[in-house]
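J.: Residue numbers (my numbering): 3 to 302. Don't be surprised by glycine CBs; every beta carbon is placed ideally from N, CA and C.
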């Protein structure tokens with residue numbers, strides 16, 4: 003159903019303009035002074051923004067579990083947290099044992115999960131295409147760079163996977179233009195703007211910068227702000243405490259991974275901690291969101 007102009011314009015909120023504004027500034031800087039952003043700066047920047055803005059994305063999962071009735075008692079809360087850690091650890095183990103299939107699986111579930119950013123503005127087939135394009139664009143536009151990143155994550159097989167997933171640039175551009183056009187036809191101006199910004203950012207920015215800006219300024223804030231809006235204002239302080247506690251706990255649980263990969267080059271260690279670590283928490287997070295959907299919740 004097409005939104006009326008008034009309902010569509012209601013999407014133009016300050017927080018939803020942060021990602022387009024920062025991305026446009028980043029694109030301008032990259033075009034004018036591309037040499038300032040070294041690989042080392044990219045890695046450090048990625049790690050910082052994921053910890054500060056990205057990890058809290060899943061830190062309210064215990065509250066979601068409580069809200070949908072999975073963690074109402076102390077015993078249920080303990081079992082939920084224990085199950086969460088076990089699933090996360092299993093994801094890491096499977097990645098160690100089957101690095102290339104695990105990387106491909108992570109890309110597939112991430113595309114599906116990220117498509118939820120437009121669950122209120124686009125029908126499923128269209129937003130699934132957007133979620134897939136979101137990950138395929140940096141691969142198609144910067145294949146060699148992504149191949150090097152994938153090699154850090156999953157060995158030489160990861161590099162082969164990058165080249166196998168490299169869709170021609172013109173196809174990706176046409177796909178995003180079509181999706182943007184459909185969003186404009188539906189009068190979903192904010193969604194159309196985000197698709198166009200993602201296209202420009204994927205084309206001009208290094209893949210790590212592209213991912214850091216999208217994940218930390220669009221995907222994670224949209225999820226967190228949605229949860230805070232659903233929660234009673236009296237519970238906001240509790241949610242903030244939960245954010246801090248569970249983000250800190252996630253960092254502590256990452257220490258064994260640092261030890262596991264300590265013999266690798268520092269670039270590989272950081273990339274694995276970021277992406278394999280994200281995979282470890284993304285799988286139980288997605289399982290929880292799916293459970294919430296099955297129980298009739300609108301949480302995304």
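I'd like to know if the segment 33-53 and the segment 196-205 are in contact, where contact means that at least 3 CB-CB pairs between them fall below 8 Å.
T.: No: the two stretches stay apart, fewer than three of their Cβ pairs being nearer than 8 Å.
J.: Okay, do the segment 87-106 and the segment 157-165 touch, 3+ Cβ pairs below 8 Å being the bar?
T.: In short, these stretches touch, since the Cβ pair count reaches three.
J.: Around the C-beta of residue 190, are 16 or more other C-beta atoms found within 10 angstroms, so that it is buried, or is it exposed?
T.: For the purposes of this step, residue 190 is taken as residue 188 along the chain shown, with counting starting at 1. Buried.
J.: When you compare only the Cα positions, how much space is there between residue 239 and residue 177?
T.: Taking the chain shown and counting its residues from 1, one reaches residue 239 at position 237. Taking the chain shown and counting its residues from 1, one reaches residue 177 at position 175. Going from the Cα of residue 239 to the Cα of residue 177 covers about 42 Å.
J.: Determine, using beta-carbon pairs with one atom in the segment 76-93 and one in the segment 139-150, whether at least three such pairs fall under 8 Å.
T.: Too few Cβ pairs lie closer than 8 Å, so no.
J.: Buried or exposed: residue 76, going by 16 or more other Cβ atoms within 10 Å of its Cβ?
T.: Stepping through the chain shown from its first residue, residue 76 is reached at position 74. The residue is exposed, with fewer than 16 neighbouring Cβ atoms inside 10 Å.
J.: Between residue 226 and residue 66, is the Cβ-Cβ spacing less than 8 Å?
T.: What you label residue 226 is simply residue 224 of the chain shown in a count that begins at 1. What you label residue 66 is simply residue 64 of the chain shown in a count that begins at 1. No, Cβ-Cβ distance for residue 226 and residue 66 is not below 8 Å.
J.: Which ranges would you report for the beta strand (DSSP E) in the segment 83-167 if only whole runs of at least 3 residues count?
T.: For the segment 83-167, not a single whole beta strand (DSSP E) run of length 3 or above is found.
J.: Does the Cβ-Cβ distance between residue 117 and residue 130 come in under 8 Å?
T.: Numbered from 1 along the chain shown, position 115 holds the residue referred to as residue 117. Numbered from 1 along the chain shown, position 128 holds the residue referred to as residue 130. In this structure, residue 130 lies closer than 8 Å to residue 117 by Cβ.
J.: Go ahead and pull the three-state DSSP assignment for residue 169.
T.: One-based indexing of the chain shown puts residue 169 at position 167. Coil.
J.: If you check the beta carbons only, do residue 224 and residue 119 fall under 8 Å apart?
T.: Within the chain shown, numbered from 1, the residue matching residue 224 stands at position 222. Within the chain shown, numbered from 1, the residue matching residue 119 stands at position 117. Yes, these two residues count as a Cβ contact at 8 Å.
J.: Under the three-state reduction of DSSP, which class applies to residue 192: helix, strand or coil?
T.: The count along the chain shown starts at 1 and reaches residue 192 at position 190. Three-state DSSP puts residue 192 in a helix.
J.: Where do the ends of the alpha helix (DSSP H) carrying residue 265 lie?
T.: Looking up residue 265 in the chain shown gives position 263. No alpha helix (DSSP H) holds residue 265; DSSP gives it neither H nor E.
J.: Taking only the alpha-carbon atoms, compute the straight-line gap between residue 57 and residue 229 and give it to the nearest angstrom.
T.: Taking the first residue of the chain shown as 1, we reach residue 57 at position 55. Taking the first residue of the chain shown as 1, we reach residue 229 at position 227. Cα to Cα, residue 57 sits roughly 15 Å from residue 229.
J.: On the CB-based measure, 16 or more other CB atoms within 10 Å of its CB, does residue 1 come out buried or exposed?
T.: Given a span of 3 to 302 for the chain in the structure shown, any question on residue 1 remains unanswerable.
J.: Quick check on the burial criterion: 16 or more other C-beta atoms within 10 angstroms. Buried or exposed for residue 25?
T.: Numbered from its first residue, the chain shown carries residue 25 at position 23. With 16 or more Cβ atoms within 10 Å of its Cβ, residue 25 is classed as buried.
J.: Indicate the three-state DSSP secondary structure (helix, strand or coil) for residue 234 in the structure shown.
T.: For the purposes of this step, residue 234 is taken as the residue at position 232 of the chain shown. If DSSP states are grouped into helix, strand and coil, residue 234 belongs with coil.
J.: On a CA-only basis, which of 98, 137 and 247 is nearest residue 114? Give me that one, please.
T.: Within the chain shown, residue 114 is the residue found at index 112, counting from 1. Selected option, being the one with the closest Cα: 137.
J.: Rounded to whole angstroms, what's the CA-CA distance from residue 172 to residue 211? Just pull it up for me.
T.: Stepping through the chain shown from its first residue, residue 172 is reached at position 170. Stepping through the chain shown from its first residue, residue 211 is reached at position 209. So the alpha carbons of these two residues sit roughly 22 Å apart.
J.: May I have the straight-line CA-CA distance separating residue 3 from residue 193, to the nearest angstrom?
T.: Here residue 3 corresponds to residue number 1 of the chain shown, with the count starting at 1. Here residue 193 corresponds to residue number 191 of the chain shown, with the count starting at 1. Reliability fails at residue 3, whose pLDDT of 39 lies under 50, so the model's placement of it is uncertain and no value is given.
J.: Excluding sequence positions up to five away, which residues of its chain have a Cβ less than 7 Å from the Cβ of residue 249?
T.: Sequence index remark: in the chain shown, residue 249 carries index 247 (1-based). Within the same chain, residue 249 has close Cβ partners 57, 58 and 61.
J.: Cβ atoms of residue 174 and residue 132: under 8 Å apart, would you say?
T.: To locate residue 132, count along the chain shown from 1; it is residue 130. To locate residue 174, count along the chain shown from 1; it is residue 172. Not in contact: residue 132 and residue 174 (Cβ atoms no closer than 8 Å).
J.: In its own chain, which residues sit with a C-beta less than 7 Å from the C-beta of residue 44, not counting the 5 before and 5 after it?
T.: Counting from 1 along the chain shown, the entry for residue 44 is found at position 42. Only 208, 210 and 211 meet the Cβ criterion.
J.: Starting from residue 213, trace the alpha helix (DSSP H) both ways and give me its first and last residue.
T.: Position 211 of the chain shown, counting from 1, holds the residue named residue 213. Taken as a continuous stretch (DSSP letters only), the alpha helix (DSSP H) holding residue 213 covers 209-216.
J.: So residue 134 packs on residue 152, CB below 8 Å; how close in whole Å?
T.: Along the chain shown, one-based indexing puts residue 134 at 132. Along the chain shown, one-based indexing puts residue 152 at 150. Actually they do not touch by this definition, with Cβ atoms about 17 Å apart.
J.: On the DSSP letters alone, give me the boundaries of the alpha helix (DSSP H) that residue 66 sits inside.
T.: Stepping through the chain shown from its first residue, residue 66 is reached at position 64. Counting along the chain, the alpha helix (DSSP H) containing residue 66 begins and ends at 63-69.
J.: Would you grab the beta carbon distance between residue 155 and residue 273 for me? Rounded to a whole angstrom, and I think it's under 8 Å.
T.: As a position in the chain shown, residue 155 is number 153, starting the count at 1. As a position in the chain shown, residue 273 is number 271, starting the count at 1. With 8 Å as the limit, residue 155 and residue 273 qualify as a contact, their Cβ atoms being about 6 Å apart.
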